[in-house]
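Heads up: the structure comes next, in structure tokens.
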Amino acid sequence: MSYPFIKMPDGVILDEATSNQKYGKFTIQPLERGFAVTLGTAFRRILLSSLTGAAITAVKIDGVLHEFTTVPGVVEDVAEIILNLKKVRLNVINKQTTKLDISLSGAQEIKASELQKSCPDIEILNPDQHIATLSEGAKFNMEVRFGFGKGYVPAAKQNIVDQTIGIIPIDSIFTPIENVRYEIENVRIGESNEYEKLTLELFTDGSITPEEAMSGAGVILRDHINMFINFDVEQEEDKVDNEKDLEFERLKKILTTSVDDLEL
1 MSYPFIKMPD GVILDEATSN QKYGKFTIQP LERGFAVTLG TAFRRILLSS
51 LTGAAITAVK IDGVLHEFTT VPGVVEDVAE IILNLKKVRL NVINKQTTKL
101 DISLSGAQEI KASELQKSCP DIEILNPDQH IATLSEGAKF NMEVRFGFGK
151 GYVPAAKQNI VDQTIGIIPI DSIFTPIENV RYEIENVRIG ESNEYEKLTL
201 ELFTDGSITP EEAMSGAGVI LRDHINMFIN FDVEQEEDKV DNEKDLEFER
251 LKKILTTSVD DLEL
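Numbering follows the numbering used here, with no gaps: position 87 of the sequence shown is 87.
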């Protein structure tokens, strides 16, 4: 269906000069006045809240029953270790893998890279993220569980299947989007300056590209809007079809009626 009085955008353009695995800058123009803020707000909300990502969901440390305690030989308390684990960004390569174990001893710093060393089915996107510091003679055994979700899920709402003693659910930030911002500018088309240009900038954690993020958000938005498309049109088409059927039946009845019955 064409809309002769509405100017449609030429397309979505990615600034390839500045884009990379974690950053993308997209422009959409020209847009009728008001459409830029509508699209910008919708895409920003969907990108930040609705895309699927992976995150650590629970942890189990030997000798620890709850987060308000300490581990012998470890500088950080359990609450601080959990805070550090919340910052770990990961990409799960094998979707069937849901946990890993690490076992370390002796004086050393534990970084997020240790998680990937013990489980090749995941990719740690910020390997230098600090987790804990071990003192001389310390022994540290930890089970880390991870899963998929969207947005932010607090520890109290985690769906932990195996609730064994010592499993501590943690807050999870599943969204792969770190930040989204948009800007609206006026643009001139011919003699009119009543049009707008929308610029969308988004930052990902590296688990997906900006193009994949925009495409995913677009699909979610489209699937919601599809429910409204052709709603009234379909009803009108059904009405026309019914009228055609009635007229056909009327003509058929006339054509099959004998001359005597017509009383001509």
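Beta carbons are placed, not taken as given, at the ideal position from N, Cα and C, and that holds for glycine.
In this text, all values refer to a predicted model and were calculated from it rather than measured experimentally.
Leaving aside the five residues that flank P127 on each side, the residues in its chain whose CB is nearer than 8 angstroms to its CB run, in chain order, K111, A112, S113, Q116.
When rounded, the separation of the alpha-carbon atoms in I208 and I177 is 9 angstroms. Under the 8 angstroms Cβ criterion, the segment 75-87 does not count as touching the segment 191-206, having fewer than three qualifying pairs. The DSSP assignment places 99-105, 108-111, 122-124, 130-134 as complete runs of the beta strand (DSSP E) inside the segment 94-145, in order along the chain (cut-off: 3 residues). In this chain, P210 is not harboured by any beta strand (DSSP E); it is covered by the alpha helix (DSSP H) spanning 210-225.
Look at R33 here: in three-state DSSP terms it is coil, with no helix or strand label. Going by beta carbons, T98 and G147 fall inside the 8 angstroms limit. In the structure shown, G63 adopts coil according to DSSP, grouped into three states. Pairing V144 with I170, the inter-Cα distance amounts to about 11 angstroms. Contact annotation, A156 with E136: C-beta distance approximately 37 angstroms; criterion of less than 8 angstroms not satisfied.
Fewer than three beta-carbon pairs drawn from the segment 25-38 and the segment 153-167 are found closer than 8 angstroms, and the two stretches are therefore not classed as touching. Nearest in C-alpha terms to I82, of all of F5, H66, L198, Y182, is H66. If the five residues before and after F174 are omitted, its C-beta is found closer than 8 angstroms to the C-beta atoms of T52, G53, A54, A55, F148, G149, K150, G151, Y152, V153, all from its own chain and listed in chain order. A55 sits in a strand when the DSSP states are folded into three classes. Minimum Cα-Cα distance from D121 among the listed residues D101, N159, I225 corresponds to D101. With contacts defined by Cβ atoms closer than 8 angstroms, D205 and R89 form a contacting pair.
Look at the beta carbons and you see the segment 31-48 touching the segment 215-231: at least three pairs across the two are nearer than 8 angstroms.
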